[in-house]
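Participant: Start counting at 1 in the sequence shown, then tack on 7, and there's your number in my numbering. For reference, the structure I am asking about is given below.
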Amino acid sequence: MPYRRSLLKNLGGAIVTLFVIWGCQANAPDLPTTTTGTTTDSDFKVAMLLSGSREDGSWSQGGYEGLRKIEAEYQAQVDYQEYIDGASSVEVFREYAEAGYDLIIGHSGGYIESLETVAAEFPRTKFAVVTTYGGNNQNLGAAAFRSSEVGYLTGVLAGLKTESKKVGYIVGYDYPVYQDEEALFRRGAIATNPEIEPITAFLQTWTDGNIAVQTVNEMLAAGVDVFVINADEAGVAAIEELTKHPDVLIIGWTQDQYELAPNQVITSVLQDIPGLIVNIATLMQKGRWEGRLYKFGLKENIYAFAPFRGALTPEQETIFTQIKQDVIAGKIDTTP
């Protein structure tokens with residue numbers, strides 16, 4: 008059963024407790040009210056659902072940190088629940104909407120169907136999903152990374168570093184955003200060297216490390232010597248498995264994952280997930296959050312790359328920097 012942290016339920020329990028106290032001690036003085044530390048005096052109420060742990064060091068943690076930034080920047084009342092899968096999310100979204108939350112965020116592409124259902128039931132509430140999605144033209148919008156940009160650039164990096172001419176890309180799910188990312192990874196690698204063979208895999212999980220390890224070993228057997236891994240908790244397990252193969256190189260994702268494999272991680276794609284989340288709240292506060300897709304990327308500094316730490320030769324770094332600048336300027340087509 009998923010772990011569900013709910014301020015609403017905490018408050019409900021507190022109310023029951025107070026009635027018991029009042030019944031037993033009719034003449035007792037008023038007691039001070041305690042909170043979980045997630046409420047403020049603001050009328051702006053924001054809730055978030057996470058598909059994984061808020062301490063996963065990756066996607067879900069980034070979403071949680073973004074929620075905390077909203078709390079700090081807008082003095083918002085915030086609440087969240089973690090380890091919520093798509094099947095059980097409808098009731099949780101509905102619970103927050105019934106409680107009067109102004110902005111309800113689903114931090115996973117797996118929540119699209121649930122959000123469509125609940126958004127239709129609560130047309131005056133604003134909803135957001137963090138993935139590539141067109142919105143409902145009303146109250147459900149989406150915020151996403153222009154992931155095709157970094158898909159292309161990680162393909163370029165893998166192409167520059169491979170010796171076997173076989174490069175691997177591993178991602179959690181085959182959501183449209185990751186299909187685009189995968190397609191551009193292929194394009195970037197082949198643009199670097201037409202003889203390169205990209206091998207890719209959609210794990211259909213963000214959390215199952217066993218599946219990730221199995222996939223890594225299959226790719227190793229196929230001759231892959233450079234891996235791009237965008238798979239959250241499962242991805243960490245994959246990187247740990249690759250430390251058994253010190254000649255293999257890795258490109259991490261979301262946060263700087265250098266410390267997981269210091270002699271193997273070339274760089275990591277840095278996603279400013281908290282910044283992306285705050286943009287949702289900012290647009291809403293300005294009255295501009297609508298039922299459509301908002302995209303952010305390298306140009307807005309929502310994407311970046313961790314330091315190479317000498318993993319590239321000066322020539323390779325010059326080539327990569329120029330290609331990156333061309334992508335930002337639109338000189339290289341990164342549309343799927």
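Virtual Cβ for every residue (Gly too), placed ideally from N, Cα, C.
1. State the CB to CB distance for the pair E69 and T261, rounded to an integer number of angstroms; the pair is presumed to be in contact (CB under 8 Å).
2. Tell me which same chain residues have a C-beta within less than 6 Å of the C-beta of D181, skipping the five on either side of it?
3. Residues in its own chain within less than 8 Å of A190 by CB, not counting five upstream and five downstream?
4. Apart from the five residues on each side of it in sequence, which residues of its chain come closer than 7 Å, Cβ to Cβ, to Y118?
5. Ignore the nearest five residues each way along the sequence and tell me which others in Y176's own chain have a CB closer than 7 Å to its CB.
6. Please classify A336 as buried or exposed, where buried requires at least 16 neighbouring CB atoms within 10 angstroms.
7. Where S67 and V99 are concerned, what is the direct C-alpha to C-alpha distance, given to the nearest angstrom?
8. Check whether the stretch 272-284 and the stretch 297-314 are in contact - that is, three or more C-beta pairs closer than 8 Å.
9. Between the Cα of Q323 and the Cα atoms of G166, Q221, F51, A149, which residue gives the shortest distance?
10. Write down every uninterrupted run of the beta strand (DSSP E) in the stretch 251-282 whose length is 3 residues or greater and which is fully enclosed by it, in chain order.
11. Rounded to whole angstroms, what's the CA-CA distance from K173 to Y140? Just pull it up for me.
12. DSSP three-state label for K52, please.
13. For N270, count neighbouring C-beta atoms within 10 Å of its own C-beta (all shown protein chains included) and say buried if the count is 16 or more, exposed if not.
14. Where does T274 land, buried or exposed, given buried means 16+ other C-beta within 10 angstroms?
15. To the nearest angstrom, report how far apart A345 and A219 are at their CA atoms.
16. If you run the structure through DSSP and keep just helix, strand and coil, what is T289?
17. Just how far apart, CA to CA, sit I77 and K293?
Facilitator: On the basis of the data shown:
1. Position check: residue 69 holds Gly in this sequence, whereas Glu was assumed. Contact flag correct, Cβ pair sits at about 6 Å.
2. Excluding positions up to five away in sequence, the list reads F209.
3. Same-chain partners within the cutoff: S155, G158, P343.
4. Here the set comprises L56, G93, S96, V136.
5. Taken in chain order, the residues that qualify are E189, F192, P205, T207, V235.
6. With a threshold of 16 other beta carbon atoms within 10 Å, A336 falls short and is exposed.
7. S67 and V99: Cα-Cα distance of roughly 17 Å.
8. Touching, yes.
9. It is G166 whose Cα lies nearest to the Cα of Q323.
10. You should have 256-261, 272-278.
11. So the two alpha carbons sit approximately 32 Å from each other.
12. Here K52 carries a strand assignment [DSSP, helix/strand/coil].
13. By the neighbour-count rule (16 or more Cβ atoms within 10 Å), N270 is not buried but exposed.
14. For T274, the number of other beta carbons within 10 angstroms of its own is at least 16, and it is reported as buried.
15. Not covered by the structure: residue 345. The range shown for the chain is 8 to 343.
16. Assigned with DSSP and collapsed to three states, T289 falls in helix.
17. Each residue's CA atom was taken as its position, placing I77 and K293 some 14 Å apart.
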